[in-house]
Amino acid sequence: MTRFAVPIFLLLALAFAIEGSADERYKARPTDDRGVLLAIARAPQKTRSSLNPYDGQPDAVLAGKKLFEQHCAECHGSNARGQGRAMNLHLSAVQNATPGELEWFLRNGNLWRGMPSWSGLPEQRRWQIVAYLKSLRR
Amino acid sequence: MSFAAFCRYALLLRHLTTRSRLVASLPLLLVGWALLGGAQSAAAQETPYFVTYSHHLEEPGNLEIELSSIYGTQKQGNDFIAPWVEFEYGAKAWWTTEFYLDWQGTFRDSALFTGFRWENRFRPLMGEHWINPVLYVEYENTNGADKTMIEVVGFDSQADHAVPNSVAQQEHQHELETKLILSSDYKGWNISENFIGEKNLGHDPWEFGYAVGVSRPLRLAATADSCNFCRENFLVGAEIYGGLGTSWNATLSGTSHYIAPMVGWQLPSGASFRISPGFGLNDDSHRFILRWGLSYEIDGFGHRVRSLFR
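Same order as they appear, the protein sequences are chains W and A.
Residue numbers for the first sequence follow the numbering used here, so the first one is 1345 and each next one is one higher.
Residue numbers for the second sequence follow the numbering used here, so the first one is 159 and each next one is one higher.
Below, the structure is given as structure tokens:
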């Protein structure tokens, strides 16, 4: 066992190092003419106009807040104001996006930039998270 | 059944060497530390499969520690329990790396450490599609007494596990395992298909296998209140898997196949439990197997480790 310990440790250290160097690459955050983050704005046209089935439902906002705390707060912070490389979700670069764009972005993620895909969550839960994100503007 | 098997397993652990016991206790200590609040937890988006892989990778920077085990009945030999420990780390949003340590204990025989595995999964496509491919590469360094059955390939048969440990452990297996994972999510269902090719780095031919899994949460939308026993935290599913022969003889004859329903329970605290009884579908399969697993996800693990070196 011990003869494999060193190479395994080195490989894990390499993985951590690669992850760390990505911090420097995530500085520029281009936006479109609405001020929406381009990574979100590249959602296909048909999904942009999708309406949130939970729009106007206070329970959905609460459920979305619970889901946010379980899945998103570790990177974006419990107040969603961002930390490290993770975006402040109160900013217009996120809040100006349509609900459809946000749901699309949650489903697809931005894997090269470190945002995981949340396609493993049922669509209903992603919409609940969107309902919570939109409630942050108020 | 599972409680009785657990008790017998506890007795079997007495046979492990001191060194193996030390290695085995490390993940238990980590899980204990995590459960006692020493770490921040994260709720993962997981499927309840034991054999099949979906395209959902570990979130970047998170470490999941899982203790799993299989209890198998043996037709012409002694029943066994084979536990394994997984350390799954999200190196990137598109790359998950995982390290396994395997043991086994055979009733009225012995218990031993059987080897390790190191696997990597990569998502080649950055977006979400109807079918999402994942490339899987694993290196295995195990001995012939390994009974974890994390995959079934080639002509793997229940008779392989009837060999006494003293004989089986003489065989060393240095294997490269590859998988093409195809996975889709549709209306809350996950449907995953795995095509497996495994090559002993000696002179043996490629061995092929398959695994197909389907799963779904009991409730798709979340409730507003935090809860442990609500339906949204439970997943149900089933998987079917087996061997497909080798590159010299691709056939279903002489291969073993299983069907296994399963239940997963994911707690908001980051802990999750899975259990899955499996049933052999032909004479070359174990008649009955039972798998169970306990996992805990630690968020921001990579960030914490890096911060130690700054």
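Each residue gets a CB set at the ideal place from its N, CA and C atoms; glycine is no exception.
{"Check": "Pairwise C-alpha distance: ALA320/A and GLN234/A", "Outcome": "6 angstroms"}
{"Check": "Length of the line joining the Cα atoms of ARG1457/W and ALA1383/W", "Outcome": "10 angstroms"}
{"Check": "Rounded separation between ALA1417/W and LEU1450/W - CA only", "Outcome": "14 angstroms"}
{"Check": "Member of PHE208/A, TYR297/A, LEU378/A whose CA lies at the smallest distance from the CA of CYS388/A", "Outcome": "LEU378/A"}
{"Check": "7 angstroms Cβ cutoff, TRP450/A in contact with chain W", "Outcome": "no"}
{"Check": "Contiguous beta strand (DSSP E) assignments of at least 3 residues, all confined to the region 279-362 of chain A", "Outcome": "290-301, 330-344, 347-358"}
{"Check": "Member of LEU215/A, ASN407/A, TYR211/A, ILE228/A whose CA lies at the smallest distance from the CA of THR306/A", "Outcome": "ILE228/A"}
{"Check": "Beta-carbon proximity list for ASP304/A, same chain, < 8 angstroms, skipping 5 on both sides", "Outcome": "ALA240, ASP260, GLN262, THR272, GLY273, GLN331"}
{"Check": "Any chain W beta carbon closer than 7 angstroms to ASN359/A", "Outcome": "Note on residue identity: the sequence assigns Leu, not Asn, to residue 359/A. So no, LEU359/A is outside the interface."}
{"Check": "Simplified DSSP assignment, three categories, for GLN232/A", "Outcome": "coil"}
{"Check": "GLN1401/W at chain A interface by Cβ criterion, 7 angstroms", "Outcome": "no"}
{"Check": "Boundaries of the alpha helix (DSSP H) in which ASP463/A is found, first to last residue", "Outcome": "As written in the sequence, residue 463/A is Val, which differs from the Asp given in the question. First-last of the alpha helix (DSSP H) with VAL463/A: 459-466."}
{"Check": "Assigned secondary structure, PHE1412/W (DSSP; H/G/I helix, E/B strand, else coil)", "Outcome": "helix"}
{"Check": "Partners in chain W for TRP261/A, counting only beta-carbon separations shorter than 7 angstroms", "Outcome": "Chain W residues near TRP261/A: none, gap ~12 angstroms exceeds 7 angstroms."}
{"Check": "Neighbour flag for ASP304/A against chain W, beta carbons, 7 angstroms", "Outcome": "no"}
{"Check": "GLY422/A, buried or exposed, once every other Cβ within 10 Å from all chains shown has been counted against 16", "Outcome": "buried"}
{"Check": "Cα-Cα separation between VAL243/A and GLY1400/W, rounded to whole angstroms", "Outcome": "45 angstroms"}
{"Check": "C-beta neighbour in chain A for ARG1469/W, strict 7 angstroms", "Outcome": "yes"}
{"Check": "Inter-residue Cα distance where the pair is PHE459/A and GLU216/A", "Outcome": "12 angstroms"}
{"Check": "At least 3 beta-carbon pairs within less than 8 angstroms: the region 1418-1433 of chain W vs the region 400-409 of chain A", "Outcome": "no"}
{"Check": "Residues sharing a beta bridge with MET420/A, DSSP", "Outcome": "GLY395/A"}
{"Check": "Beta-bridge partners of LEU1381/W, as assigned by DSSP", "Outcome": "THR1375/W"}
{"Check": "C-beta contact flag for TYR103/A and LYS337/A at 7 angstroms", "Outcome": "The question about residue 103/A has no answer here: the residues shown for chain A are numbered 159 through 468."}
{"Check": "Minimum Cβ-Cβ distance from GLY371/A to chain W less than 7 angstroms", "Outcome": "no"}
{"Check": "Same chain, Cβ closer than 8 angstroms to GLY1379/W, five either side skipped, listed in chain order", "Outcome": "SER1436, ALA1437, ASN1440"}
{"Check": "Residue-level contact to chain W via CB, GLU286/A, 7 angstroms cutoff", "Outcome": "yes"}
{"Check": "Any chain A beta carbon closer than 7 angstroms to LYS1478/W", "Outcome": "no"}
{"Check": "Under the three-state DSSP convention, the category GLN1468/W falls into", "Outcome": "helix"}
{"Check": "Contact the region 354-367 of chain A vs the region 267-286 of chain A: 3+ CB pairs below 8 angstroms", "Outcome": "no"}
{"Check": "Contact residues within the region 1414-1446 of chain W, judged by C-beta distance below 7 angstroms to chain A", "Outcome": "GLN1414, HIS1415, GLU1418"}
{"Check": "Residues that DSSP places opposite ILE495/A in a beta bridge", "Outcome": "Since the first and last residues shown for chain A are 159 and 468, residue 495/A lies out of range."}
{"Check": "Where GLY1453/W meets chain D, residues with beta-carbon distance less than 7 angstroms", "Outcome": "In the structure shown, chain D cannot be found, because the protein chains are W and A."}
{"Check": "Own chain, CB closer than 7 angstroms to ASP1376/W, minus 5 neighbours either side, in chain order", "Outcome": "LEU1382, ALA1385"}
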